[in-house]
């Protein structure tokens with residue numbers, strides 16, 4: 042089982058003014074790779090709060106995978122990538138690059154996503170957009186690689202190349 046945390050960045054959602062529909066999409070899709078959501082929070086678009094939650098999930102709850110939703114655009118309150126970069130040990134640029142490349146097949150707006158991915162200890166953290174459709178499209182791209190990435194991150198996997 043892959044222990045998953047979902048962290049949604051939304052000012053309106055944190056105040057109960059908007060329903061978080063992206064989280065349900067994430068729950069359904071991660072189940073397909075053996076993921077179980079063990080933690081879920083909706084917090085305001087505040088860099089410090091987001092960073093603290095990411096640290097909590099990785100260090101205290103020791104989840105395998107954190108998927109954030111929202112806060113990856115160009116808006117003045119979009120700070121999820123900065124909060125993620127504040128706490129990760131290593132960035133994994135290929136994950137975000139793959140999501141943007143695939144997104145460009147549907148819309149030129151994909152190029153303005155600032156999503157990042159990285160690891161903190163043995164936890165993989167991936168930023169996703171806020172809309173349910175974009176979450177689905179982005180996860181469809183990266184989910185096949187996540188189990189292998191987690192095996193490698195935890196030191197249990199072998200070589201990536203096949204003989």
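Numbering (the working numbering), first residue to last: 42 to 204. All C-beta atoms in this analysis are idealised placements derived from N, C-alpha and C, irrespective of residue type, glycine included. These numbers were taken from a predicted model, which means no experiment stands behind them.
Helix, strand or coil at residue i [DSSP, three-state]
i: residue 197; result: coil
i: residue 178; result: helix
i: residue 99; result: helix
i: residue 131; result: strand
i: residue 115; result: coil
i: residue 139; result: helix
i: residue 160; result: strand
i: residue 148; result: coil
When the options are compared against residue i, the one with the closest alpha-carbon
i: residue 114; options: 123, 101, 107; result: 123
i: residue 147; options: 131, 118, 174; result: 174
i: residue 157; options: 105, 99, 140; result: 140
i: residue 63; options: 87, 176, 182; result: 176
i: residue 119; options: 88, 143, 127, 101; result: 88
i: residue 185; options: 71, 172, 150; result: 71
i: residue 126; options: 102, 73, 96; result: 96
i: residue 66; options: 179, 138, 121; result: 179
i: residue 82; options: 74, 116, 117, 45; result: 45
i: residue 135; options: 167, 73, 111, 192; result: 167
i: residue 109; options: 193, 190, 155; result: 155
i: residue 112; options: 90, 193, 171, 61; result: 171
i: residue 195; options: 121, 90, 105, 169; result: 105
Neighbourhood of residue i by C-beta, 8 angstroms cutoff - its chain only, sequence neighbours within 5 removed
i: residue 53; result: 59
i: residue 75; result: 42, 43, 188
i: residue 138; result: none
Residues near residue i by beta carbon distance below 7 angstroms, same chain, minus five either side
i: residue 85; result: 52, 55
Cβ shell of residue i (< 6 angstroms), same chain only, five flanking positions each side left out
i: residue 162; result: 99
i: residue 92; result: 124, 127, 128
Assumed close pair residue i, residue j - CB separation to whole angstroms, cut-off 8 angstroms
i: residue 129; j: residue 160; result: 6 angstroms
i: residue 107; j: residue 164; result: 6 angstroms
i: residue 205; j: residue 78; result: For the chain, the structure presents residues 42 to 204; residue 205 sits outside this window and is missing.
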